[in-house]
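One line per chain: the protein sequences are A and B, in this order. For the record, in the first sequence the residue sitting at position 186 is 186 according to UniProt numbering, with numbers rising by one throughout. For the record, in the second sequence the residue sitting at position 23 is 23 according to UniProt numbering, with numbers rising by one throughout. For reference, the structure is listed below as C-alpha cells.
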Amino acid sequence: MSADTRTAPDRQSRTLQTARTLLASRETAIVIVIVVIIAVATAMNQSFLFSGQGWRDLLLTPSILMVMAVGSAVVIITRNVDLSVGSTLAITAYLTGRLFIDFPGIPILLVVFIGTLVGAVLGLINGALVAYGKVPALVVTLGTMYIYRGAVLTWAGSDRINASDMPRDFLHLGTMQILSIPLLTIVAVLVLVCAGYWLSSTRSGREMYAIGSEPEAAKLYGLPTTRRVITAFILGGALAGLAGVMYAARYGTISASAGMGWEFQAIGAAVIGGVAIFGGSGSVWGAAFGAILLLTINRTLPIIGIPDFWQRAVVGALIIGAIVLDRYLSARRHRQLQEARDQT
Amino acid sequence: MWHNAHKRSIPALAVLAVGTLALTSCGGDNGDTAEGDGEASGEELSITFLPKNLGNPYFETSNAGGQEAIEEFGGSYSEVGPQEATPDGQVEYINTAAQQGEDALVLSANDPSAICGALNEARDVDVAVVTFDSDTDVECRDLFVNQATAEGIASAQVALVTEQIGEEGEIAILSASANASNQNLWIELMEEELEADYPDIEVVDIVYGDDDDQRSFDQTAALLQTHSDLDAIVSPTTVGIAAAARYIADSNYAGEVAVTGLGTPNQMREYVEDGTVESFALWNPEDLGYLSAWAAHALASGEIEGNEGDTFEAGRLGEYTVGADGEIVLGDPFVFDSENIADFDF
Numbered sequence: 001m002s003a004d005t006r007t008a009p010d011r012q013s014r015t016l017q018t019a020r021t022l023l024a025s026r027e028t029a030i031v032i033v034i035v036v037i038i039a040v041a042t043a044m045n046q047s048f049l050f051s052g053q054g055w056r057d058l059l060l061t062p063s064i065l066m067v068m069a070v071g072s073a074v075v076i077i078t079r080n081v082d083l084s085v086g087s088t089l090a091i092t093a094y095l096t097g098r099l100f101i102d103f104p105g106i107p108i109l110l111v112v113f114i115g116t117l118v119g120a121v122l123g124l125i126n127g128a129l130v131a132y133g134k135v136p137a138l139v140v141t142l143g144t145m146y147i148y149r150g151a152v153l154t155w156a157g158s159d160r161i162n163a164s165d166m167p168r169d170f171l172h173l174g175t176m177q178i179l180s181i182p183l184l185t186i187v188a189v190l191v192l193v194c195a196g197y198w199l200s201s202t203r204s205g206r207e208m209y210a211i212g213s214e215p216e217a218a219k220l221y222g223l224p225t226t227r228r229v230i231t232a233f234i235l236g237g238a239l240a241g242l243a244g245v246m247y248a249a250r251y252g253t254i255s256a257s258a259g260m261g262w263e264f265q266a267i268g269a270a271v272i273g274g275v276a277i278f279g280g281s282g283s284v285w286g287a288a289f290g291a292i293l294l295l296t297i298n299r300t301l302p303i304i305g306i307p308d309f310w311q312r313a314v315v316g317a318l319i320i321g322a323i324v325l326d327r328y329l330s331a332r333r334h335r336q337l338q339e340a341r342d343q344t
Numbered sequence: 001m002w003h004n005a006h007k008r009s010i011p012a013l014a015v016l017a018v019g020t021l022a023l024t025s026c027g028g029d030n031g032d033t034a035e036g037d038g039e040a041s042g043e044e045l046s047i048t049f050l051p052k053n054l055g056n057p058y059f060e061t062s063n064a065g066g067q068e069a070i071e072e073f074g075g076s077y078s079e080v081g082p083q084e085a086t087p088d089g090q091v092e093y094i095n096t097a098a099q100q101g102e103d104a105l106v107l108s109a110n111d112p113s114a115i116c117g118a119l120n121e122a123r124d125v126d127v128a129v130v131t132f133d134s135d136t137d138v139e140c141r142d143l144f145v146n147q148a149t150a151e152g153i154a155s156a157q158v159a160l161v162t163e164q165i166g167e168e169g170e171i172a173i174l175s176a177s178a179n180a181s182n183q184n185l186w187i188e189l190m191e192e193e194l195e196a197d198y199p200d201i202e203v204v205d206i207v208y209g210d211d212d213d214q215r216s217f218d219q220t221a222a223l224l225q226t227h228s229d230l231d232a233i234v235s236p237t238t239v240g241i242a243a244a245a246r247y248i249a250d251s252n253y254a255g256e257v258a259v260t261g262l263g264t265p266n267q268m269r270e271y272v273e274d275g276t277v278e279s280f281a282l283w284n285p286e287d288l289g290y291l292s293a294w295a296a297h298a299l300a301s302g303e304i305e306g307n308e309g310d311t312f313e314a315g316r317l318g319e320y321t322v323g324a325d326g327e328i329v330l331g332d333p334f335v336f337d338s339e340n341i342a343d344f345d346f
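Structure, rendered in C-alpha cells:
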C-alpha cells in the first residue's frame, strides 16, 4: 500500500510526514497540473474561468466521467477491470429516456434509482462471472461490453431519444447550478467523498486493497475475496448506471452509441490518477482528478489552437506517461524499502 | 461494423446516396423499360411501398405522402418492409411484389447492389421500380427520386444563416466526421457561395463532432469558448445541429448565437419551441413519398418511359422532368420553423 507505514513516528514527525506525503502524492501532482492548465487557458482566453459559462463548463464537463472513473478505480484496485461500463451507460441512458416516454409523469428520483439499480445488476453479472467463473475480468467484461452494447442496439435500433421526449425539469437538472456549482458536479463530488471514505477508512474498503495487492494471500488470510470482488463490480456498474442517467440529463439526445469508448476514458482517468493497473494501490481521488485532467485538457487544446487530431494523441501520451512514472516510482520505492531492510 | 451503421441518422444516411449517384457515370440506355406500356392504363394501379424498415418515423411520413398521391390518382396502396434495415430483409418483399404482379414498387434501398438481382427479376415481370431516398445502382431501377442536390443543400443553408444573422458576421461549421464526403462537399459549396455573395461573413472554424452526440456537444462548447464573437453555428448534420442547439439552449449564448443547418423536426422540436433555433432545413419526406408515387404512376401507366427529358405531372407538386440516369430531383430543401414544425413527426 503506502511506504509511510514502515516507521512508527511520533506526533511531530507524523504531521511533517503527512505534509510531505501530501506534497509528493500523485493526487497533488495532478491537481498542480490541472491548475497550470486552467491558468494557461485562462491567460489565453479570460472567459475560460471568469465567465459564468466558462466556470460552469469547467465543473460540469468532467462530472459524468468522474462518477465512472470512481467506479472503475474501485474495480481496478481489486486487480480487475471493467470494460463494459460504457455499454452500461448506454443502456441506462436509453432506459432513462424510455421511462420518461413510456411512463409519463414518472418521478425523476425513481428514474435515477432505476437507472442506478439496472447498472448495479449489469455489474453483478460481471462480478459473478469473474468471481465464480474464475474467468479473467478483462475477458468477461470485454464480452459483456459487446453483449450490453448489442442489447441497446437491438432495443434502440436507429431510434434516438430527443430532448423533447424528456420532461424539462429533468433536463434542467443537467445544467442547474446551486450557488454557482452545477448539480451534476455536486453529485459527482458526493459519490467521490463517500467512495473515498469507504476505501480509506473502513475495514471492507481496506480489504479491497489487500485483495488487489495479493489475491492469493488475501484468500489465505481469510478475506471474503469473492464477495468483495462482486461488490466492486456492483459498485462500478451502479456508478456507470448513475452516469447514464446523468448523461441523459446533460446531453438530452441519446442514441445507441451513447458512451462509446467511455470505458477507456474511465480506465485512462484512473490510471493517470495513480491507480495501478495491477491493483492494490491508488485512490478514487486520483481517479477523479484524472478525469478532470483528461477532459480539461480536451477543452483547452482547441483554445490554444491545437488541432482536433492531436487531442487524442495527448490523452494517449498522458496515459503512457503515467504508467512510466508509476514504474519509476515503484522501482524507487522498492529500492528504498530494500535499503531500509538492509540497515536493520 | 455495427458501431458505424447506427451512428448516422436515417436522413444523413440517405443523403449518402446523393453524392454517390452524382459520381456514377453509367450509360442512360438502361432506363428504357417500356413494360408498363398500355397494359396497366385504365385499370387501378397497385403500388407497393418498401421502406428501409418499418416503424421508422421518417419513412412513415414518406409513405403517408405516397398514400396521399395514390388516393389522388386512384390506385391501391400497400406498405411492406423488414423490421430492421438490412438488404436481405428487403429481398423477400421484392420477390413477393413480383409474384403478386404489382404494377410498381417504390423503395428506399438498404444496399445499392445487394438487392439488384431481385429488383431486376421484378422488372422482368413488368414491375416498375422507383427508388427514393436511397438509390440502388442505376441499372437496377427505372427511376430514382432524389431528395435534394448538393447545390440545393448548400444554398439553403447559406440562405438560412444570412437570414438569421444578416450579411456580416462570424460563423463556424460543426460537421460530422472529417472524411464525410457529403458534408465536405456541402461545406465547400457553402464557402464558395458565401465568398461570392456575402464577403463580410467569415467562416472562422470548421470542427468535427463525428456524428456523436456528446462529442458534437463538447465541440460546440469549445467553439463558443474559442470564438467570442461568433454569430452562428451551421451544422449540416442532424446529430450536430441537435447537440449544438442543446448546448446553446442552456447557456448564456442563447439568443446571441444562432444555430441552423440540417435537422429533423423531432430532434429539433424542443429548441425551436424554446426559441434557441429559428429555422433549419431538410427535405420534406412527405413530399418525397408523394412525388415517388406519382413517378411510379407515370411509369406504370405508360405515360413516360423513364428517359431523360420525359415530363410528368405530380399532383400538387406540379410538373417534373426526368434528368440524366433516370433521376428526378424533388427540389430545394424544406425549411422548418416554429410555424410548421408541429405538422411533422419524424
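Yeah, the Cβ is synthetic: ideal placement off N, Cα and C, and Gly gets one too.
Counting C-beta pairs closer than 8 Å gives fewer than three between the segment 319–330 of chain A and the segment 87–105 of chain A, which falls short of the contact rule. Cβ atoms of residue 259/A and residue 90/A come within 8 Å of each other, at about 5 Å. If the five residues before and after residue 299/B are omitted, its C-beta is found closer than 7 Å to the C-beta atoms of 36, 104, 128, 130, 142, 143, 306, all from its own chain and listed in chain order. The criterion of a C-beta distance shorter than 7 Å is not satisfied by residue 212/A and residue 26/A.
In chain order, 37, 41 place their CB closer than 6 Å to the CB of residue 300/A, counting only its own chain and leaving out the 5 sequence neighbours on each side. Under the three-state reduction of DSSP, residue 179/A is assigned to coil, being neither helix nor strand. DSSP lists 45/B as the beta-bridge partner residues of residue 75/B.
Residue range 279–282 is occupied by the beta strand (DSSP E) that includes residue 282/B, with no alpha helix (DSSP H) assigned at that position. Residue 173/B and residue 291/B have their alpha carbons spaced roughly 32 Å apart.
Under the Cβ criterion of 7 Å, residue 250/B is counted among the residues facing chain A. Around the beta carbon of residue 116/A, 16 or more other beta carbons sit within 10 angstroms, so the residue counts as buried. Interface criterion met: the Cβ of residue 163/A is under 7 Å from a Cβ in chain B. At a beta-carbon threshold of 7 Å, none of the residues of chain B lie near residue 148/A; the nearest stands roughly 13 Å away. A Cβ-Cβ separation of about 11 Å leaves residue 238/B out of contact with residue 209/B under the 8 Å criterion.
In this structure, DSSP gives residue 107/B an extended state, which the three-state scheme calls strand. Residue-level contact check: residue 311/A does not touch chain B, since none of the beta carbons of chain B fall below 7 Å from its beta carbon.
Annotated three-state conformation of residue 115/B is coil, per DSSP.
Secondary structure at residue 209/A: helix, using DSSP grouped into helix, strand and coil. For residue 297/B, the number of other beta carbons within 10 angstroms of its own is at least 16, and it is reported as buried.
As for any alpha helix (DSSP H) of minimum length 4 sitting wholly inside the segment 204–245 of chain B, the runs are 213–226, ordered along the chain.
Under DSSP, residue 261/B forms a beta bridge with 235/B. The segment 177–192 of chain B and the segment 246–260 of chain B do not touch, with fewer than three beta-carbon pairs separated by less than 8 Å. Between the alpha carbons of residue 159/A and residue 85/A lies a gap of roughly 22 Å. Residues of the same chain with a CB within less than 7 Å of the CB of residue 57/B, apart from the 5 flanking positions on each side, are 266, 345, 346 in chain order.
Secondary structure at residue 83/A: coil, using DSSP grouped into helix, strand and coil. The three-state reading of DSSP puts residue 133/B in coil, since its state is none of H, G, I, E or B. In the three-state DSSP reduction, residue 182/B falls in the helix class (H, G or I). Listed along chain B, no residue sits closer than 8 Å to residue 227/A by beta-carbon distance, the nearest being about 35 Å off. In this structure the segment 65–80 of chain A touches the segment 284–299 of chain A; the number of beta carbon pairs closer than 8 Å is three or more. Bridge pairing for residue 311/B: 321/B [DSSP]. Using a CB distance below 8 Å, the part of the segment 69–96 of chain B facing chain A consists of 84, 85, ordered along the chain. With a threshold of 16 other beta carbon atoms within 10 Å, residue 312/B meets it and is buried.
Taking C-beta separations shorter than 6 Å and ignoring five residues to either side along the sequence, the partners of residue 278/B in its chain run 164, following chain order.
Taking a Cβ-Cβ cut-off of 9 Å, the neighbours of residue 53/A in chain B comprise 221, 224, 225, 251, 252, 253, given in sequence order.
Here the segment 45–60 of chain B makes contact with the segment 76–91 of chain B; the two share three or more CB pairs at distances below 8 Å.
At least 7 Å separates the beta-carbon of residue 270/B from that of residue 249/A.
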